[in-house]
Amino acid sequence: MSESPFPQLFGLDEIERAIPYDPTIDLPIPKAAPFDPDPRHPLERRFPHIVDRITGLWGSPMCTEYIQSLVMMDRGDARQGFPIDLIEDLLMLDYCHAYRLGHLGSGR
């Protein structure tokens, strides 16, 4: 009888041989993103006047025109432009707005 008070169900070396190494499972857990106490969207933080205008125009065809004017470079002067992540968010708003107005098909 072994000296351990618990019976040994199987040997650990047998488990290691039976289970192959999988690098996708054995990767270290990534650190969580730092907590941001400000619940506002980055677009709202950096450009509150734009969010206010979109909110005021929401539901009207002028909202689509306004959002597209923000994304398109149609003026001759050099503008700094938006960061790519905010452009993606503006395009998503434009898509949602077009869907709400019924300008997009249902996909059927």
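Heads up: the sequence shown begins at 3 in my numbering, then just goes up one per residue.
Here a beta-carbon is modelled for each residue, glycine too, at the ideal position from N, C-alpha and C.
Here the structure is a predicted model, which means the values were calculated and not measured.
Closest Cα partner of residue 88 within the set 40, 72, 33 and 45: Minimum Cα-Cα distance from residue 88 among the listed residues 40, 72, 33 and 45 corresponds to 45.
Residue 51 CB to nearest heavy atom of the ligand SAM below 7 Å: Absence of the ligand SAM from the depicted structure is noted, as is the absence of any ligand whatsoever, leaving it without description.
Supposed close pair residue 96, residue 69 - CB separation, criterion 8 Å: Contact holds; Cβ gap of about 4 Å.
DSSP three-state assignment for residue 51, whether helix, strand or coil: helix
Whole-angstrom distance between residue 94 and residue 64, CA atom to CA atom: 16 Å
Residue range of the alpha helix (DSSP H) that includes residue 91: 86 to 102
Classification of residue 99 by the beta-carbon crowding that lies within 10 angstroms, buried from 16 upward: buried
DSSP state of residue 44 mapped onto helix, strand, coil: Residue 44 falls in the helix class under three-state DSSP.
Nearest-angstrom Cα separation, counted from residue 53 out to residue 61: 14 Å
Span of the alpha helix (DSSP H), counted from its first residue to its last, around residue 63: Element bounds for residue 63: 63 to 73.
Own chain residues within Cβ distance below 8 Å of residue 103, not counting five before or after: 61, 63 and 66
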